[in-house]
Amino acid sequence: MRTHLCGALRMKHVAEQVRLGGWVHRRRDLGGIVFVDLRDREGIVQVALGPAWAEPDVIATAHEIGAENVVVVEGTVAERPEKARNPDMATGDIEVQASSFRVVGPADTPAIPVWRTKGEPPPSEEHRLEHRHLDLRRPEMQRNLELRHRLLQRARRSMSDMGFYEIETPILTRPTPEGARDYLVPSRVNPGQFFALPQSPQMYKQVLMACGMDRYFQIARCFRDEDLRADRQPEFTQIDIEASFVSASDVHRTVESVLVDLWEEGGQVIEAPFPTMSHADAMERYGTDKPDLRYGLTIEDLGAELSGRGFAAFDQAIEEGGRIRGIRVEGGAVLSRKQLDVLATEARKAGAGGLATLKRKDDQLSGPLARLDGMAIENCGLDEGGLLLVAAGADQLTSVVLDRVRLGLIDLLQPTPRTDHAFTWIDEFPLFEATKDGTGWQPAHHPFTAPREEDAERLRAGEVAGLRSQHYDVVYNGNELGSGSIRIVDPELQLCVLEAIGMGREEASRRFGFLLRALRSGAPPHGGFALGFDRITMLLAGADNLRDVIAFPKTTAARALFEDTPTAVSQDELRELGIRVLHE
RNA sequence: GGGGUUGUAGCUCAGUUGGUUAGAGUGCCGGUCUGUCACACCGGAAGUCGCGGGUUCAAGUCCCGUCAGCCCCGCCA
9 MRTHLCGALR MKHVAEQVRL GGWVHRRRDL GGIVFVDLRD REGIVQVALG
59 PAWAEPDVIA TAHEIGAENV VVVEGTVAER PEKARNPDMA TGDIEVQASS
109 FRVVGPADTP AIPVWRTKGE PPPSEEHRLE HRHLDLRRPE MQRNLELRHR
159 LLQRARRSMS DMGFYEIETP ILTRPTPEGA RDYLVPSRVN PGQFFALPQS
209 PQMYKQVLMA CGMDRYFQIA RCFRDEDLRA DRQPEFTQID IEASFVSASD
259 VHRTVESVLV DLWEEGGQVI EAPFPTMSHA DAMERYGTDK PDLRYGLTIE
309 DLGAELSGRG FAAFDQAIEE GGRIRGIRVE GGAVLSRKQL DVLATEARKA
359 GAGGLATLKR KDDQLSGPLA RLDGMAIENC GLDEGGLLLV AAGADQLTSV
409 VLDRVRLGLI DLLQPTPRTD HAFTWIDEFP LFEATKDGTG WQPAHHPFTA
459 PREEDAERLR AGEVAGLRSQ HYDVVYNGNE LGSGSIRIVD PELQLCVLEA
509 IGMGREEASR RFGFLLRALR SGAPPHGGFA LGFDRITMLL AGADNLRDVI
559 AFPKTTAARA LFEDTPTAVS QDELRELGIR VLHE
């Protein structure tokens with residue numbers, strides 16, 4: 009039907025007869041001659057309709073054609089006149105002189121424009137989602153989905169080349185009451201009973217290891233019925249990996265290898281192996297478990313310098329078992345009062361009472377801390393032009409506060425990054441964390457994560473607090489790309505973990521019986537990882553939003569505007585499923 | 001569940017201290033135009049100011065509620 013794609017035509021095609029199909033991107037009607045920019049997935053080419061080569065009725069069709077009609081064009085590729093070339097277009101040296109111009113897919117006037125001038129803002133997110141069939145025609149979105157396609161293919165090739173089998177696991181699976189909220193699916197054949205959509209294929213992939221599959225991967229769709237964020241969708245895709253007879257470093261090397269390939273596919277060169285930082289170090293120096301290591305600005309303990317010097321808030325924090333921590337900012341004295349206020353507001357939003365500052369400028373100290381007992385230029389610990397930002401309290405609080413302050417500083421000062429690609433492993437995560445009500449414990453990640461070997465005996469002995477796990481995250485420029493762990497293979501140790509989180513043997517066997525059974529049947533040591541594929545695609549696409557790399561995403565209220573979903577269903581359907589809806 | 005923010009023509013936006021007929025650009029419709037590429041020029045149509053209530057002589061503008069988009073907190077083993 010077609011001989012070429014619009015965007016593929018070049019000088020070498022001059023004089024060729026071609027047949028093209030595409031969408032009318034833009035029309036410039038000069039009366040005697042009409043130019044139509046014809047668009048397909050590959051790009052845009054100018055179609056010219058003039059009396060020298062086109063019949064009047066053909067030109068008449070072009071006179072009337074509106075944007076986004078689908079047309080099939082026949083004609084000759086011609087070199088453009090010297091002065092009529094367009095160096096901004098890949099196809100700008102040529103045009104197609106059409107002898108035939110047929111509308112094969114008539115279009116209503118588009119509700120949102122596909123074509124935009126430079127610098128024109130895109131339509132609102134709401135309109136873009138509502139008219140996704142038009143939004144996805146925009147070259148930016150086509151580029152994003154093309155990149156996503158290439159990354160998917162590359163991930164498959166990398167994993168397959170390393171000996172991993174791609175194995176699909178069920179979408180209709182078993183509800184898991186802990187963790188995120190499940191999306192439930194009623195079973196008509198078993199009234200009153202439900203499947204859940206998988207939050208991840210976690211247990212299946214472990215069972216596959218017990219099955220002797222040795223190495224598994226899957227481009228897995230996962231579902232979590234929780235509230236959304238810019239970087240969180242209710243259904244998302246992860247590159248899910250599991251391997252047998254591996255240590256944590258084996259898993260790290262595998263994940264690094266995939267990431268190097270994906271970044272290469274995205275046009276970036278990165279180096280592996282990545283450095284490793286313990287969770288405790290990350291919290292101490294950056295206040296977060298996903299530090300952006302492109303920048304310094306680390307957090308320091310300032311207790312020795314700043315306590316007992318007449319600053320009540322500091323001394324009180326120490327008395328209550330907290331600490332005084334802060335960030336020394338070289339050259340930070342350039343920040344204005346207003347900018348410091350922005351940082352102080354960030355600090356207060358994170359729960360701090362305030363943000364204490366000390367500024368050294370023109371060999372004068374200023375800011376609230378300048379009035380501390382004995383504070384002077386000689387002992388202030390700041391070089392000329394320096395700034396000190398300080399928070400006091402429990403570590404849990406000051407970490408969150410100083411993390412926010414640090415990100416705010418980076419935003420305000422725009423320091424030159426040390427590198428464009430700061431990858432790091434974070435390991436030695438705690439195995440358990442206290443529940444919100446403080447009465448019990450829950451797994452810091454999931455209950456299948458193995459404790460560090462030296463902590464396993466303490467766990468068997470019933471200890472819970474302070475145990476460290478063999479869990480690890482990979483972090484890139486302040487973004488968590490994924491996480492994984494070495495798993496528990498000893499069923500008795502697995503039961504200890506479940507017991508620690510308040511689950512008796514009976515309940516454990518009811519919920520996780522199939523996994524425990526697989527572990528008892530002879531399971532190899534194994535571990536794995538899961539990479540957030542949407543987020544990786546977003547970062548490599550330079551998008552600031554997951555929706556821009558997903559063809560049909562959900563809104564922040566977990567609705568699909570294009571297909572208008574979710575929706576009510578008929579009473580008949582509900583009756584068949586044995587479900588009654590309560591209206592409140 | 002909570003907080004912030006936005007909602008005015010198909011689209012992107014402006015709209016002063018509450019004031020009489022709600023504007024612009026673009027798109028759309030009609031016309032002129034043979035080298036444009038944000039074509040140019042002339043003319044025209046186009047509004048439930050998200051929705052509901054209230055205050056007021058008078059509401060796009062103020063107040064209350066509500067719906068929707070976005071961002072954040074909680075939540076996301």
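In my numbering, the protein residues as written are 9 to 592.
Beta carbons are placed, not taken as given, at the ideal position from N, Cα and C, and that holds for glycine.
With 16 other Cβ atoms within 10 Å as the buried cut-off, status of residue i
i, result
"H21", "buried"
"H157", "exposed"
"H534", "buried"
"V589", "exposed"
"S529", "exposed"
"R6", "Since the displayed the chain opens at 9 and closes at 592, residue 6 lies outside it and no answer follows."
"F322", "buried"
"K367", "buried"
"T447", "exposed"
"A251", "buried"
"E87", "exposed"
"S477", "buried"
"G382", "exposed"
Cβ pair residue i, residue j closer than 7 Å
i, j, result
"L396", "L390", "yes"
"V81", "A106", "yes"
"H141", "I120", "no"
"D258", "A538", "no"
"Y212", "T262", "no"
"L405", "G359", "yes"
"Q214", "R495", "yes"
"H33", "I52", "yes"
"V616", "E24", "Beyond the ends of the chain as shown, which are 9 and 592, falls residue 616; an answer cannot be given."
"F231", "D542", "no"
"E490", "V482", "Inspection of the sequence shows that residue 490 is occupied by Gly rather than by Glu. In contact: G490 and V482 (Cβ atoms closer than 7 Å)."
"H260", "E436", "no"
"L377", "L363", "no"
"P299", "A290", "yes"
"R196", "E581", "no"
"I307", "R293", "yes"
"A551", "V557", "yes"
"N77", "P130", "no"
"R47", "R27", "no"
"I278", "G311", "no"
"T545", "L236", "no"
"G330", "A402", "yes"
Spatial neighbours of residue i in its chain, beta-carbon cut-off 7 Å, leaving aside the 5 residues before and after
i, result
"Y173", "M221, R223 and Y224"
"T563", "L137 and L569"
"S578", "none"
"R253", "Sequence check: residue 253 is Phe here, not Arg. Closer than 7 Å at Cβ, skipping near neighbours: P532 and P533."
"L301", "A430 and T432"
"D269", "R162 and S166"
"G486", "K298, P299 and D300"
Residue i: CB within 6 Å of a non-hydrogen atom of the ligand SAH
i, result
"L547", "Absent from the structure shown: the ligand SAH. Ligands present: none."
Endpoints, the beta strand (DSSP E) within which residue i is located
i, result
"I332", "R331 to V337"
"E426", "This sequence places Arg at residue 426; Glu is not what is there. Per DSSP, R426 belongs to no beta strand (DSSP E) and is neither H nor E."
"C230", "R223 to F231"
"M285", "T284 to S286"
"L395", "L395 to G401"
"E82", "V78 to E87"
Unbroken alpha helix (DSSP H) run spanning residue i, endpoints
i, result
"G359", "From DSSP, G359 is part of no alpha helix (DSSP H); its letter is neither H nor E."
"Q150", "P147 to D169"
"S265", "A256 to E273"
"Q210", "Q210 to A218"
"E128", "Premise fails: E128 is in no alpha helix (DSSP H) and is neither H nor E."
"Q579", "Q579 to L585"
"Q246", "No alpha helix (DSSP H) holds Q246; the beta strand (DSSP E) holding it covers E243 to S252."
Cut-off 6 Å between Cβ atoms - residues of its own chain near residue i, not counting five sequence neighbours on either side
i, result
"R336", "L396"
"D411", "G295 and T296"
"S407", "M291 and G295"
Residues near residue i in its chain [Cβ-Cβ closer than 8 Å; skip 5 each side]
i, result
"P499", "L524, L527 and R528"
Stretch-stretch touch, CB-based, cutoff 8 Å, three pairs: the region 235–247 with the region 447–461
no
At a cut of 8 Å, does the region 96–104 reach the region 37–55 through at least three beta carbon pairs?
yes
Is there contact between the region 500–507 and the region 446–456, where contact requires at least three CB pairs shorter than 8 Å?
yes
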